[in-house]
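*Asks:* Protein chains in written order, with the working numbering: chain A, 1174 to 1679; chain B, 315 to 668.
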Amino acid sequence: MIKDDHPASLLEVRGLIKTFGSARALQGVTLDVRPGEVHCVLGQNGAGKSTLIKTLSGAHQPDEGEIRWNGEVVTIDNPVAALELGIATMYQELDVVDGLSIAENIFLGHELETGGVLKRREANKRTRALMQRLGHPQLSPTREVGTLSPANQQIVSMARALSHDIQLMIMDEPSAVLDTEEVNNLFRVVDELTNQGIAVIYISHRLEEIERIGDRITVLKDGKSVGSNLAVADTPTRELIPLMTGTDVEHAFPQRAPVADDAPTILEVSNLSLAGTFDGVNLSVKAGEIVGLAGLVGSGRSEILETIYGHRKATTGTVKVHGKTLRPGSVSAAVSANMGLSPEERKSQGLLLEEPIYRNATLSTFARFAKGALLDEGAERRATEEQMKALELRPAEPNRITRTLSGGNQQKIMLARWLIHGTDVLILDEPTRGVDVGARVEIYGLIRDLAAAGTAILVVSSEIEEVLGLADRVLVLADGHVLDERPTSEIDEHGVLDLVMKGSAA
Amino acid sequence: MSEPTTTPQSPASSEVSTTPSADEPSLVQRAFSSSAGRNIGLVIGLILLVIVGAVTAGDNFMNLDNMLVIARLASVIGVVAIGMTFVITAGGIDLSVGSVLGLSSVVASLGAIQTAADGFWPLMVFVAIAVGVLAGLTNGLIIAYGKVVAFIATVAMLAAARGLAELISQRQTQVVTNNGFLDFFRGDLLGISWVVWIFALTALAGWFVLNRTTFGRRTVAIGGNATAARLAGVAVKRHTVYLYMIAGACAGIGATMTLARTTAGTSTHGMLYELDAIAAVVVGGTLLIGGRGTIGGTVLGVLLFATLNNVFTQNNLSSSVQLVAKGIIIVGAVMLQQRFANREASSSSGGGAG
Chain A
1174 MIKDDHPASL
1184 LEVRGLIKTF
1194 GSARALQGVT
1204 LDVRPGEVHC
1214 VLGQNGAGKS
1224 TLIKTLSGAH
1234 QPDEGEIRWN
1244 GEVVTIDNPV
1254 AALELGIATM
1264 YQELDVVDGL
1274 SIAENIFLGH
1284 ELETGGVLKR
1294 REANKRTRAL
1304 MQRLGHPQLS
1314 PTREVGTLSP
1324 ANQQIVSMAR
1334 ALSHDIQLMI
1344 MDEPSAVLDT
1354 EEVNNLFRVV
1364 DELTNQGIAV
1374 IYISHRLEEI
1384 ERIGDRITVL
1394 KDGKSVGSNL
1404 AVADTPTREL
1414 IPLMTGTDVE
1424 HAFPQRAPVA
1434 DDAPTILEVS
1444 NLSLAGTFDG
1454 VNLSVKAGEI
1464 VGLAGLVGSG
1474 RSEILETIYG
1484 HRKATTGTVK
1494 VHGKTLRPGS
1504 VSAAVSANMG
1514 LSPEERKSQG
1524 LLLEEPIYRN
1534 ATLSTFARFA
1544 KGALLDEGAE
1554 RRATEEQMKA
1564 LELRPAEPNR
1574 ITRTLSGGNQ
1584 QKIMLARWLI
1594 HGTDVLILDE
1604 PTRGVDVGAR
1614 VEIYGLIRDL
1624 AAAGTAILVV
1634 SSEIEEVLGL
1644 ADRVLVLADG
1654 HVLDERPTSE
1664 IDEHGVLDLV
1674 MKGSAA
Chain B
315 MSEPTTTPQS
325 PASSEVSTTP
335 SADEPSLVQR
345 AFSSSAGRNI
355 GLVIGLILLV
365 IVGAVTAGDN
375 FMNLDNMLVI
385 ARLASVIGVV
395 AIGMTFVITA
405 GGIDLSVGSV
415 LGLSSVVASL
425 GAIQTAADGF
435 WPLMVFVAIA
445 VGVLAGLTNG
455 LIIAYGKVVA
465 FIATVAMLAA
475 ARGLAELISQ
485 RQTQVVTNNG
495 FLDFFRGDLL
505 GISWVVWIFA
515 LTALAGWFVL
525 NRTTFGRRTV
535 AIGGNATAAR
545 LAGVAVKRHT
555 VYLYMIAGAC
565 AGIGATMTLA
575 RTTAGTSTHG
585 MLYELDAIAA
595 VVVGGTLLIG
605 GRGTIGGTVL
615 GVLLFATLNN
625 VFTQNNLSSS
635 VQLVAKGIII
645 VGAVMLQQRF
655 ANREASSSSG
665 GGAG
């Protein structure tokens, strides 16, 4: 470990400790940030990254430890104090107000005014300059933020941070909602910030991003910094994973046998269209086959899944399971046909976070366990516990409140729901979003096992590598059209991106 | 599907075992974070109020007859609040229950209905409940399929039902002359008025349905996360309609009880009952945003306000003072609950989030 007492350190954190009740979220974190560097903070879910960020941005107060800012010991009592020091934070959950314009969002809380009257022209002018600086001059200051894509909402969030006079920008998983193209723009912005001497603390799950833009790395595990201020150039990725997880991850995507030619087709989608979103989609999935949809945000990939599942009502086209046509726009029909969906936004679309695990695991099946209308919670708990053991979800406590689980374990609960139900078709939208490296590998294994047991699986991920690694066959999408369909053995990430770029341009 | 040997666990035991083992909140915190614990808070409040009553009004307050008076006065709002608990647990709201109660009382006491009920008085009860269910069905269809937010849809019903009641009754008070009906409700069982029994039975049935049946599970799931429930295959729209029908049915039952107590049906019955019912539900610990509902809490909330009313009346204090006290209690109770709920949330999720 390099103990760096660089005289020009902008931020020095020493021995930071923060406890919640009896849970120790931070147990001694050490961190140095120099002006103009990109300092990556790595760690699995629960390692303490969010708590560290919240402490630096004034949302939490540390119990012990020291924070020095430009060499002076400071206490950061609240978010305003952080901003006054020059620390701005971009949270993972977008914190923009949908109903306000871009300019209103950017100057929210520090409006430009004279005697209570807003200076709208000035605000718009400065917003235009910020958008220019962030590489999005096409975004008009008066546009309502609710109409923007998540990626562009993030730009607004970033512009808001830059509207303050800042020296340090904290970014919490900024790339989670972005596509390859948008990530490139994000990195361009980060470069520009650092060139102006602004330091960036960059949190991400994606190791390859850190290689691209990081200067130094601090790795957190169980609330401790297990590696502080490592230089990216001297630290190969394979050394980082064991630091984060304590284990080595070699084969993320297990090899498996090809699908038999005579396997029956389970899911058949013909000429499916949703006006204004996607058009004429044909696809079929055999028993035991994993089919992936690859494309950028806005290509219609999630909407296709949701329409197949009946969450959206198709304008034209049919969805057949085992040869039987499903009633369009009916989730109940899809569920009765043994179709299951693990939605993109697990927390807002999938789970009852305040309820115990077993009530989430049996959300599709509690009526089946019930005797008449009378719930049988004992049977529900037993079935859940069984699945939790099978999925190696520890501790196997079905009564635990779902909110307290990590992202990976919450994803397993979604899988458990459909395993208990029994599915012939499983639709997975972003199965590993917000899931840390170690748990990802487990989830990939589970998906493969499900397919091997004869389930037809349809998967979407914003990580093309994941789609290609998991699926047998891939459909490449752009602008709501299927551009190409081929076995994943015949195409790589570059091939997909080439297709997508050409398709989008056409 | 599963062996019939399992017995449903009591709510108390399941609550205790859901406490995450990782962090150990203090006993007080734990007691308040369980739903039984929230009720303990209400029970303590109720006991304090009874002590105040006993000290200030003495024997006038502390006697069985007065206790029964309190229970009887609590019963109408109580039944309405049980229906409201279902709607609020699912994340909805029904502001029309008071008006619907008035409309039900008017229709059930129409001369023609009373004549038809001459030989069979329960007909009046059926009519009152049917009117309530019909109004609830209308609310539910407009909300679930018409996609109008519950607040607006039921405010519209609040106005329309009151107006309809005035039109039907021509703003006249309709005296209840059906003796079978009046005799029944004047009667008692084991010295306790039938009105109180109806409240008790409605509450018991409500508790059972909310906590022990698939219907109750759907209700909580929709309130907790409607999208998740829908994507898991729960028929959210249909269920929403049922919930407003329950609220309407409870308003209909309340109308029957009001008819018996006042021996008249008028369009002004049930004025502002929706607010009393919502106050009792929320003070009881049911979350206004849905996802968590407690019938026991609602019953205690209703009793709390009824006792407050009685204590003030016994001490000859004006109803204006009483309203102020009521306001303070509502705000105080909800602030207290939020404090404990927040502590619970930060102690269980703060440690887990990374």
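From the three backbone atoms N, C-alpha and C, an ideal C-beta is built for every residue, glycine too.
1) Per DSSP, which one or two residues make a beta bridge with residue 1660 of chain A?
2) Using DSSP with H/G/I as helix, E/B as strand and the rest coil, what is residue 1306 of chain A?
3) Take the Cβ of residue 513 of chain B as the centre, count every other Cβ of all protein chains shown within 10 Å, and call the residue buried at 16 or more, exposed below.
4) Given that a residue counts as buried once 16 or more other Cβ atoms are within 10 Å of its Cβ, and exposed if not, what is residue 1421 of chain A?
5) Taking the C-alpha atoms as reference points, what is the distance between residue 1592 of chain A and residue 1622 of chain A?
6) Taking only runs that begin and end inside the segment 522 to 608 of chain B, name each unbroken alpha helix (DSSP H) of 4 or more residues, in chain order.
7) Compare the C-beta of residue 1548 of chain A against all C-beta atoms of chain B and say whether one is closer than 7 Å.
8) Closest by CA to residue 1541 of chain A, which one among B/551, B/592, B/573 and B/528?
9) Just to confirm the assignment: which complete beta strand (DSSP E) runs, minimum length 3, are found wholly within the segment 1399 to 1481 of chain A?
10) Check the Cβ of residue 1522 of chain A against every Cβ in chain B and list those closer than 7 Å, keeping chain order.
11) Give a yes or no on contact between the segment 440 to 457 of chain B and the segment 549 to 562 of chain B, applying the rule of three or more CB pairs nearer than 8 Å.
12) List, in chain order, every chain B residue whose beta-carbon is nearer than 8 Å to that of residue 1539 of chain A.
13) Comparing C-alpha positions only, which one of B/607, B/624, B/434 and B/441 sits nearest to residue 532 of chain B?
14) Note down the Cα distance separating residue 537 of chain B from residue 1244 of chain A, rounded to an integer number of angstroms.
15) Would DSSP call residue 1274 of chain A helix, strand or coil?
16) Would you say residue 1336 of chain A touches the ligand GTP, meaning its beta carbon is less than 6 Å from a heavy atom?
17) Could you tell me whether the Cβ atoms of residue 1332 of chain A and residue 1359 of chain A are closer together than 7 Å?
18) Indicate whether the contact test is met: 3 or more Cβ pairs, each with one atom in the segment 1445 to 1453 of chain A and one in the segment 1636 to 1655 of chain A, closer than 8 Å.
19) Could you tell me which whole beta strand (DSSP E) segments of length 3 or greater appear in the segment 426 to 511 of chain B?
20) Given a cut-off of 7 Å on the beta-carbon distance, is the pair residue 567 of chain B and residue 393 of chain B in contact?
21) Could you work out which residue in B/360, B/384, B/368 and B/398 is closest to residue 516 of chain B when comparing CA atoms only?
22) Residues bridged to residue 365 of chain B by DSSP?
23) Which chain B residues are close to residue 1589 of chain A, counting only those with a beta carbon under 8 Å from its beta carbon?
24) Contact criterion: CB-CB distance below 7 Å. Does residue 1505 of chain A meet it with respect to chain B?
25) Measure the CB-CB distance between residue 1458 of chain A and residue 1629 of chain A and report whether it falls below 7 Å.
26) Which of the three DSSP states is assigned to residue 1369 of chain A in this structure?
27) Distance cutoff 7 Å, beta carbons only. Does residue 605 of chain B sit that close to anything in chain A?
28) Check whether chain B comes within 7 Å of residue 1477 of chain A, counting only Cβ atoms and requiring the distance to be less than that.
29) From B/468, B/609 and B/490, pick the residue whose C-alpha is nearest to that of residue 521 of chain B; which is it?
30) For a cutoff of 7 Å on Cβ pairs, would you count residue 1516 of chain A as touching chain B?
31) Looking at C-alpha atoms only, which residue of A/1603, A/1241, A/1262 and A/1229 is the closest neighbour of residue 1250 of chain A?
32) List the DSSP bridge partners of residue 1245 of chain A.
33) Rounded to the nearest angstrom, how far is the Cβ of residue 384 of chain B from that of residue 624 of chain B, given a contact under 8 Å?
34) Could you tell me if residue 1635 of chain A is buried or exposed, where buried requires 16 or more neighbouring beta carbons within 10 angstroms of its beta carbon?
35) Determine the DSSP secondary structure at residue 1183 of chain A, reduced to helix, strand or coil.
36) When the cut-off is 7 Å and only beta carbons count, does residue 1601 of chain A lie next to chain B?
*Replies:* Looking at the atomic coordinates:
1) Reading the first sequence from its first residue, position 487 is the one you call residue 1660 of chain A. Looking at the DSSP assignment, residue 1660 of chain A forms a beta bridge with A/1646.
2) The count along the first sequence starts at 1 and reaches residue 1306 of chain A at position 133. Residue 1306 of chain A: helix per DSSP, three-state reduction.
3) As a working mapping, residue 513 of chain B is identified with position 199 in the second sequence. It counts as buried.
4) Position 248 of the first sequence, counting from 1, holds the residue named residue 1421 of chain A. Only weak support is given to the placement of residue 1421 of chain A: the predicted model assigns it a pLDDT of 45, under 50, and the question is left unresolved by the model.
5) Here residue 1592 of chain A is taken as the residue at index 419 of the first sequence, counted from 1. Here residue 1622 of chain A is taken as the residue at index 449 of the first sequence, counted from 1. Their Cα atoms are separated by approximately 12 Å.
6) 528 to 538, 540 to 545, 550 to 576 and 587 to 598
7) Reading the first sequence from its first residue, position 375 is the one you call residue 1548 of chain A. So yes, residue 1548 of chain A belongs to the interface.
8) On the first sequence, residue 1541 of chain A is found 368 positions in, with the first residue counted as 1. It is B/528.
9) 1438 to 1447, 1451 to 1459 and 1463 to 1467
10) Sequence index remark: in the first sequence, residue 1522 of chain A carries index 349 (1-based). The answer, in chain order, is 541, 542 and 545.
11) yes
12) Numbered from 1 along the first sequence, position 366 holds the residue referred to as residue 1539 of chain A. In chain order: 528 and 531.
13) On the second sequence, position 218 is the one that residue 532 of chain B refers to. Of the listed residues, the one whose Cα sits closest to residue 532 of chain B is B/607.
14) Counting from 1 along the second sequence, the entry for residue 537 of chain B is found at position 223. Counting from 1 along the first sequence, the entry for residue 1244 of chain A is found at position 71. Using only the alpha carbons, I get a separation of about 51 Å.
15) Working through the first sequence from its first residue, we reach residue 1274 of chain A at position 101. It is a strand residue.
16) Judged by which ligands are present, the structure shown has none, so any question about the ligand GTP falls away.
17) Here the question's residue 1332 of chain A lines up with position 159 in the first sequence. Here the question's residue 1359 of chain A lines up with position 186 in the first sequence. Not in contact: residue 1332 of chain A and residue 1359 of chain A (Cβ atoms no closer than 7 Å).
18) yes
19) none
20) The residue you call residue 567 of chain B lines up with position 253 of the second sequence. The residue you call residue 393 of chain B lines up with position 79 of the second sequence. Contact flag set, yes.
21) As a first step, residue 516 of chain B must be located in the second sequence, where it is residue number 202. For the residues B/360, B/384, B/368 and B/398, the minimum Cα distance to residue 516 of chain B belongs to B/398.
22) The residue given as residue 365 of chain B occupies position 51 in the second sequence. Answer is none; residue 365 of chain B lacks a bridge partner.
23) Along the first sequence, one-based indexing puts residue 1589 of chain A at 416. None at all; the shortest Cβ gap to chain B is about 12 Å.
24) Taking the first residue of the first sequence as position 1, residue 1505 of chain A is located at position 332. Chain B contact via Cβ: present.
25) As a working note, residue 1458 of chain A is residue 285 in the first sequence. As a working note, residue 1629 of chain A is residue 456 in the first sequence. Their beta carbons are under 7 Å apart, which means residue 1458 of chain A touches residue 1629 of chain A by this criterion.
26) The residue given as residue 1369 of chain A occupies position 196 in the first sequence. It is coil, neither helix nor strand.
27) By one-based count along the second sequence, residue 605 of chain B stands at place 291. Yes, its Cβ sits closer than 7 Å to a Cβ of chain A.
28) Taking the first residue of the first sequence as 1, we reach residue 1477 of chain A at position 304. No - not a single Cβ of chain B is within 7 Å of the one on residue 1477 of chain A.
29) The residue given as residue 521 of chain B occupies position 207 in the second sequence. Ranking the options by Cα distance to residue 521 of chain B, first place goes to B/609.
30) Position 343 of the first sequence, counting from 1, holds the residue named residue 1516 of chain A. Yes, residue 1516 of chain A lies at the interface with chain B (some Cβ there is under 7 Å from its Cβ).
31) Within the first sequence, residue 1250 of chain A is the residue found at index 77, counting from 1. That would be A/1229, whose Cα lies nearest to the Cα of residue 1250 of chain A.
32) Here residue 1245 of chain A refers to the residue found at position 72 of the first sequence. Partner(s): A/1242.
33) Looking up residue 384 of chain B in the second sequence gives position 70. Looking up residue 624 of chain B in the second sequence gives position 310. About 5 Å; that satisfies the 8 Å criterion.
34) As a first step, residue 1635 of chain A must be located in the first sequence, where it is residue number 462. Per the 10 Å Cβ criterion, buried.
35) Residue 1183 of chain A sits at position 10 when you count from the first residue of the first sequence. Residue 1183 of chain A: coil per DSSP, three-state reduction.
36) As a working note, residue 1601 of chain A is residue 428 in the first sequence. Answer no: the Cβ-Cβ gap between residue 1601 of chain A and chain B never drops below 7 Å.
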